[in-house]
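Visitor:
Protein chains: 4
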Amino acid sequence: MSRVFRLIISCPDQVGIVATVAGFIADEGGSIVEANHHTDAMNKWFFMRHEILAGSLNDDLEGFKTKFAAIAERFQMDWQVTDSAQPKRIALFASKESHCLADLLYRWHEGDLPGEVACVIANHDDLRRMVEWYDIPFHHVPVTPDTKPEAFAKSQELVARYDADVIVLARYMQILPPQMCVDYAGKVINIHHSFLPSFVGAKPYHQAYERGVKLIGATCHYVTEELDAGPIIEQDVIRVSHSHSIDDMRRLGRDVEKTVLSRGLRYHLEDRVLIHGNKTVVFSA
Amino acid sequence: MSRVFRLIISCPDQVGIVATVAGFIADEGGSIVEANHHTDAMNKWFFMRHEILAGSLNDDLEGFKTKFAAIAERFQMDWQVTDSAQPKRIALFASKESHCLADLLYRWHEGDLPGEVACVIANHDDLRRMVEWYDIPFHHVPVTPDTKPEAFAKSQELVARYDADVIVLARYMQILPPQMCVDYAGKVINIHHSFLPSFVGAKPYHQAYERGVKLIGATCHYVTEELDAGPIIEQDVIRVSHSHSIDDMRRLGRDVEKTVLSRGLRYHLEDRVLIHGNKTVVFSA
Amino acid sequence: MSRVFRLIISCPDQVGIVATVAGFIADEGGSIVEANHHTDAMNKWFFMRHEILAGSLNDDLEGFKTKFAAIAERFQMDWQVTDSAQPKRIALFASKESHCLADLLYRWHEGDLPGEVACVIANHDDLRRMVEWYDIPFHHVPVTPDTKPEAFAKSQELVARYDADVIVLARYMQILPPQMCVDYAGKVINIHHSFLPSFVGAKPYHQAYERGVKLIGATCHYVTEELDAGPIIEQDVIRVSHSHSIDDMRRLGRDVEKTVLSRGLRYHLEDRVLIHGNKTVVFSA
Amino acid sequence: MSRVFRLIISCPDQVGIVATVAGFIADEGGSIVEANHHTDAMNKWFFMRHEILAGSLNDDLEGFKTKFAAIAERFQMDWQVTDSAQPKRIALFASKESHCLADLLYRWHEGDLPGEVACVIANHDDLRRMVEWYDIPFHHVPVTPDTKPEAFAKSQELVARYDADVIVLARYMQILPPQMCVDYAGKVINIHHSFLPSFVGAKPYHQAYERGVKLIGATCHYVTEELDAGPIIEQDVIRVSHSHSIDDMRRLGRDVEKTVLSRGLRYHLEDRVLIHGNKTVVFSA
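Chains as they are written, first to last, in our numbering: chain A, 207 to 491; chain B, 207 to 491; chain C, 207 to 491; chain D, 207 to 491.
#1: Give me whichever residues DSSP pairs with Gln441/C in a beta bridge.
#2: Answer yes or no: does any C-beta atom of chain B fall closer than 9 Å to that of Asn264/D?
#3: Rounded to whole angstroms, how far is the Cβ of Cys325/C from the Cβ of Leu467/C, which I believe are closer than 8 Å?
#4: Run the CB neighbour count on Ala291/A, radius 10 Å, all protein chains shown included, and call it buried at 16 or more, exposed below.
#5: Is there a Cβ of chain C sitting closer than 9 Å to that of Ser304/A, yes or no?
#6: On the DSSP letters alone, give me the boundaries of the alpha helix (DSSP H) that Pro410/A sits inside.
#7: Just the chain C side, please: which residues come within less than 8 Å of Ala376/B by C-beta, in chain order?
#8: Where Met379/D and Asp332/D are concerned, what is the direct C-alpha to C-alpha distance, given to the nearest angstrom?
#9: Given Ser262/C, which residues of its chain have a CB within under 7 Å of its CB, disregarding the five upstream and five downstream residues?
#10: Below 9 Å between beta carbons: does that hold for Leu421/A and Gln413/B?
#11: Shorter than 9 Å from the beta carbon of Ile438/B to some beta carbon of chain A?
#12: Using a Cβ-Cβ cut-off of 9 Å, state whether Arg417/A counts as contacting chain B.
#13: Under a Cβ-count criterion, where at least 16 other Cβ atoms within 10 Å of its own Cβ denotes burial, should Glu257/C be classed as buried or exposed?
#14: Taking contact to mean 3 or more Cβ pairs, one atom from each stretch, closer than 8 Å, check whether the stretch 469 to 479 of chain A and the stretch 214 to 231 of chain B are in contact.
#15: Please say whether Leu382/B and Ile397/B have beta carbons closer to each other than 9 Å?
#16: Measure the C-alpha to C-alpha separation of Glu431/C and Pro403/C and round it to an integer number of angstroms.
#17: Given that Trp314/A touches chain D, what residues does it touch there, using C-beta distances under 7 Å?
#18: Under 9 Å between the Cβ atoms of Tyr415/C and Ile452/C?
#19: Establish whether the CB of Thr486/C and some CB of chain A are separated by less than 9 Å.
#20: Using beta carbons (cut-off 9 Å, strictly below), is Ala328/D in contact with chain A?
#21: I want to see whether chain D comes within less than 9 Å of Asp233/B, judged by CB atoms only; does it?
#22: When you check each C-beta in the stretch 216 to 242 of chain A against every C-beta of chain C, which residues fall closer than 9 Å?
#23: Trp339/C versus chain B: which residues are under 8 Å apart at the beta carbon?
#24: Hey, out of Lys409/A, Ala359/A and His315/A, whose CA is closest to Tyr340/A's CA?
#25: Starting from the C-beta of Ile231/A, find all residues in its chain whose C-beta is less than 7 Å away, skip the five residues before and the five after it, and write them out in chain order.
#26: Using a Cβ-Cβ cut-off of 9 Å, state whether Ser290/D counts as contacting chain A.
#27: Mapping the DSSP letters down to three states, classify Lys302/A as helix, strand or coil.
#28: Of the choices Arg280/A, Ser447/A and Arg209/A, whose alpha-carbon is the least far from that of Val221/A?
#29: Using a Cβ-Cβ cut-off of 8 Å (strictly less than) and excluding sequence neighbours within five positions of Ser301/C, which residues of its own chain qualify?
#30: Could you spell out the range, first to last residue, of the alpha helix (DSSP H) harbouring Gln385/C?
#31: Check whether chain A comes within 9 Å of Gly407/B, counting only Cβ atoms and requiring the distance to be less than that.
#32: Going by the CB atoms, is the gap between His244/D and Val487/D shorter than 9 Å?
#33: Is the distance from the Cβ of Val158/A to the Cβ of Ala297/A below 9 Å?
#34: With a threshold of 9 Å between beta-carbons, can Thr430/B be considered close to chain D, or not?
#35: Quick one: is Ser449/A near chain D, going by C-beta distance under 9 Å?
#36: For Gly423/C, is the classification buried or exposed, using 16 other Cβ atoms within 10 angstroms of its Cβ as the cut-off for buried?
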């Protein structure tokens, strides 16, 4: 993959934004690899994402940013420019269940994840051997009702130490403290094992079995203070029938969970997800 | 299609049911076209459905039933035998939206629905011309807050007059009176335009848009007293994104709604759905 | 829906296209409703589609076109501007099978098809009553091995008389003459009842049954001289199993066929499909 | 999971098979966990699979088989009884690409694969470290045009030495010698990275890209002498668009390939696949 800069913008909609931005990129000599726009007509808000070949630009990243800042101010843009050569660093939070963790580690190892796995933090020690095979630091931070504040303080300290840009709850099974949800807003990604908003909370496969649904699913979303209610990045489902037990649902669901999480995380790592209110714009390829 | 008898059974599980039933069918000379079994291990309940070539049997329908009754009693079976030559009669309840109604009428007209459309009962007169092209009786029974009891009495009287076996709420948009739900238990099929249990109640596409889900769906279920909470027969979903407005969701959803309803209804008409508690066993082909 | 102009462009890729086009639109006061870009990196070709609010522009359609022509020439663009207030006119070609025809007529009737059904031309008279209910002219043009040239001359004359922009083969079951494929290149849409390139030619469900595939599908594509080999617009599949007969596959397949055809046709009618070589760029919403 | 015996039968269809078999099972005291039947009406052939609780039977496996043999002879049955306590042993054949191999090893390690991975045989040494982490014997058997006969003799010797019941070509990329296809008929499972019969042979993603299909897929099938033409066990697809390069297709396809292979293999390991001619009956749960 050639090195690209990603220019991500959201702002109030008005005539001339695209022309101004595209004119700026052209003046900089920028060769656009991919461009996506979205206008939210209801809320009169505009979203845009460009991938620009780094090698085609007259400026380096800092120069590009400095020049663009004037445009951003003019249109009251919420914006960022990221560099594909500086992949986001990921802190994986895990517990005992390995399927999501194993899947992400494997993808990273194969060069199939556009990010760096910085560390694994787990509240049980079970998955240490799997993680260490990949030469990824593994930290066992137990969480008990009594030690919860200390445990999360420790976890956040690790996230900071490893300079992680994003936290992935790979079936972590613990509820983050409200303040942590606020501090890391838009930076904590969870995989919930149901097709939200159905079956919020614990034991969604039990709930699905009881209700007799004919499809089960998984939801990848940003974590907010309200449990399982944050902006949804990606979802998918798989068909089940009366012949499937709760254990069958768990087995089938694992495949959906890991696929949905890896897709949602990929979108985040490539700066394809723009949060607006409690919803997302996802410029998937 | 050759004429078949359908033998539908559910009963407490025990050794010897299949042998007894299969032995009985073989003694009667019955050639089995399709057989399905399901054991609910959790509740120790057994479900079975056979399609038997009518022409292969020594007996007619009544004779077959009479002989089978002894077996049924022995195993405490909930059972029925139906005859594909006596298709179920359907009363379609509609309002203003035509997509589900038009789809079912078309399928019936093409011989693609294993049942008879007996009549259409609608609380608005808009769809009369479409229905009458098919030479199906159309009854306009307005429902207002004041006239609700009379309107539903009238509707039930029509259902009885047309000797309908099943009521299909093809986007009827009215809530049936509780007593009617009880009287027609397992005989009223609704299509709800969401992936239940998400977005129960009114305006599910609005709710889906607000929540920012990435898939929308539809649910075909039996109507019970509790709104949108009856046994689910069939569900399906379709992918949406940030680029879809509520109107787009309505348009995409219509295709899912009518497909799910026609599939669910087909299962019911072919006696493939066995209700147990608030769940279904669906022996789909 | 507000009236929009659709500006569709494809040309050799180079820096500055987007800036120039976006600058032009902004200078014209154009409010962009939707914008899509695609760069084919392998072939260094660029594709772009804009929807612009007609009411926001300084010029009318002709004025807009005249001014844009200079830009188009400079970048060697293949381009067009269409007006949503002038929907494309559709000639539907049918035979005896009604499912695709009935589906498109119904969608048109409900205002759900962004085009005008101008006429139906069929080589059998069976579907006349269905078509005439919609007050659409129905022409029975029989095709026999002997009369094929005259029949297609007649059909083309009708297409011209009704000023149709696009021909839809709604399970027409006849192979168009080569010259007609050339004359109407990019303007004849077919629905093939298999997941192309599998099962080219006749009786694809028989072929699928014989091969024992676990999914069957349908393909909406532009017609070219080579049978079933033209640019693909849309495809979809549905699951089947050993328990499905060829008749079951036909029944299940009909739903996929009509869905895929209506989706593909919608893309065409909204100028979302750009043909390049034997492939398509589809800017689906 | 409780220990079960699986009784698998196929034979010419006639009245009385089910009764006889079910009667036999009941006489043995057998508690049926799952039962599936299929009648191929076209070919007048009957297929049946039972799961019977081992603990409920009067006899052990050998006793059960001995008694059943008489029934089998009477109905000219092709039959087998397998014991879930004796899982099939798997020889995995691999090359350089790891995604299918890694997925199967992981599932086996988690107890999610109802079989035993006996060994890995690879024509490259690249995946040794991954395999050995699982304490699975890894054999590097290079295949060159000159050494092909010796290499396959060596591989078959290893299969025999490890007492493997089934060979899985996990993206092995080598064509087995015809005699080996015959010797292991119904015992070699391949994953082909296309939706067969489309894109037989090499580089299917290149072929798919060239053809411009809108869905790509994968096919799990038994290997026969004719390349990519054996009985299909399972297939699935994923949506692609003009925006996906061949590399994107490879990436997306890997997820489909491994899912389809693991599902197909699971069916085989649980004796759910009955081969008849060049097609399969798959009694999936």
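Glycine residues also receive a C-beta, built at the ideal position from the N, C-alpha and C atoms.
Guide: Looking at the atomic coordinates:
#1: For the purposes of this step, residue 441/C is identified with residue 235 of the third sequence, where counting begins at 1. Gln441/C pairs with Thr425/C.
#2: In the fourth sequence, the residue the question calls residue 264/D occupies position 58. By this cut-off, Asn264/D is not an interface position.
#3: Here residue 325/C is taken as the residue at index 119 of the third sequence, counted from 1. Here residue 467/C is taken as the residue at index 261 of the third sequence, counted from 1. No, Cys325/C and Leu467/C are not in contact; Cβ-Cβ is about 18 Å, not under 8 Å.
#4: As a first step, residue 291/A must be located in the first sequence, where it is residue number 85. So Ala291/A ends up on the exposed side.
#5: For the purposes of this step, residue 304/A is taken as residue 98 along the first sequence, with counting starting at 1. So no, Ser304/A is outside the interface.
#6: For the purposes of this step, residue 410/A is identified with residue 204 of the first sequence, where counting begins at 1. Segment Pro410 to Arg417, the alpha helix (DSSP H) holding Pro410/A.
#7: For the purposes of this step, residue 376/B is taken as the residue at position 170 of the second sequence. The contacting residues do not exist; Ala376/B stays about 14 Å from chain C at best.
#8: For the purposes of this step, residue 379/D is taken as the residue at position 173 of the fourth sequence. For the purposes of this step, residue 332/D is taken as the residue at position 126 of the fourth sequence. So the two alpha carbons sit approximately 14 Å from each other.
#9: Within the third sequence, residue 262/C is the residue found at index 56, counting from 1. If we look at Ser262/C and ignore the five residues flanking it on each side, its Cβ neighbours are Gly235, Gly236 and Ser237.
#10: The residue labelled residue 421/A in the question sits at position 215 within the first sequence. The residue labelled residue 413/B in the question sits at position 207 within the second sequence. For Leu421/A and Gln413/B, no; Cβs fall outside 9 Å.
#11: Numbered from its first residue, the second sequence carries residue 438/B at position 232. Answer yes: the Cβ-Cβ gap between Ile438/B and chain A drops below 9 Å somewhere.
#12: Translated into positions along the first sequence, residue 417/A becomes position 211. It does; some Cβ of chain B falls within 9 Å.
#13: Start at 1 with the first residue of the third sequence, and residue 257/C comes out as number 51. Label assigned to Glu257/C: buried.
#14: no
#15: What you label residue 397/B is simply residue 191 of the second sequence in a count that begins at 1. What you label residue 382/B is simply residue 176 of the second sequence in a count that begins at 1. Not closer than 9 Å, so no.
#16: For the purposes of this step, residue 431/C is taken as the residue at position 225 of the third sequence. For the purposes of this step, residue 403/C is taken as the residue at position 197 of the third sequence. When rounded, the distance between both Cα atoms is 16 Å.
#17: The count along the first sequence starts at 1 and reaches residue 314/A at position 108. Simply none; closest approach about 12 Å.
#18: Stepping through the third sequence from its first residue, residue 415/C is reached at position 209. Stepping through the third sequence from its first residue, residue 452/C is reached at position 246. Contact flag set, yes.
#19: Position 280 of the third sequence, counting from 1, holds the residue named residue 486/C. False, the Cβ-Cβ gap to chain A never drops below 9 Å.
#20: For the purposes of this step, residue 328/D is taken as the residue at position 122 of the fourth sequence. Taking Cβ atoms only, chain A never reaches closer than 9 Å to Ala328/D, which makes this a no.
#21: Mapped onto the second sequence, residue 233/B falls at position 27. True, the Cβ-Cβ gap to chain D drops below 9 Å.
#22: Asp219, Gln220, Val221, Gly222, Ile223, Val224, Ala225, Thr226, Val227, Ala228, Gly229, Phe230, Ile231, Ala232, Asp233, Gly235, Gly236, Ser237, Ile238, Val239, Glu240, Ala241 and Asn242
#23: Position 133 of the third sequence, counted from the first residue, corresponds to residue 339/C. Here the neighbours are Trp339.
#24: The count along the first sequence starts at 1 and reaches residue 340/A at position 134. If we check each option's Cα against that of Tyr340/A, His315/A comes out closest.
#25: As a first step, residue 231/A must be located in the first sequence, where it is residue number 25. For Ile231/A, where only same-chain residues beyond five positions count, the Cβ hits under 7 Å are Ile238, His256 and Ile258.
#26: Mapped onto the fourth sequence, residue 290/D falls at position 84. Closer than 9 Å: no.
#27: What you label residue 302/A is simply residue 96 of the first sequence in a count that begins at 1. Coil, per DSSP.
#28: The sequence position of residue 221/A within the first sequence is 15, counting from 1. Among Arg280/A, Ser447/A and Arg209/A, the Cα nearest to that of Val221/A belongs to Arg280/A.
#29: Against the third sequence, residue 301/C aligns to sequence position 95. Here the set comprises Ala328, Asn329, His330, Arg377, Tyr378, Met379 and Gln380.
#30: If you number the third sequence from 1, residue 385/C lands on position 179. Pro384 to Asp389 is the span of the alpha helix (DSSP H), which, as asked, contains Gln385/C.
#31: On the second sequence, residue 407/B is found 201 positions in, with the first residue counted as 1. No - not a single Cβ of chain A is within 9 Å of the one on Gly407/B.
#32: Residue 487/D sits at position 281 when you count from the first residue of the fourth sequence. Residue 244/D sits at position 38 when you count from the first residue of the fourth sequence. Going by C-beta atoms, Val487/D is nearer than 9 Å to His244/D.
#33: Because chain A spans 207 through 491 in this model, residue 158/A falls outside it and cannot be assessed.
#34: Translated into positions along the second sequence, residue 430/B becomes position 224. Chain D contact via Cβ: absent.
#35: Position 243 of the first sequence holds residue 449/A. Yes, Ser449/A counts as interfacial toward chain D.
#36: Along the third sequence, read from residue 1 onward, the residue named residue 423/C stands at position 217. It is buried - the Cβ of Gly423/C has at least 16 other Cβ atoms within 10 Å.
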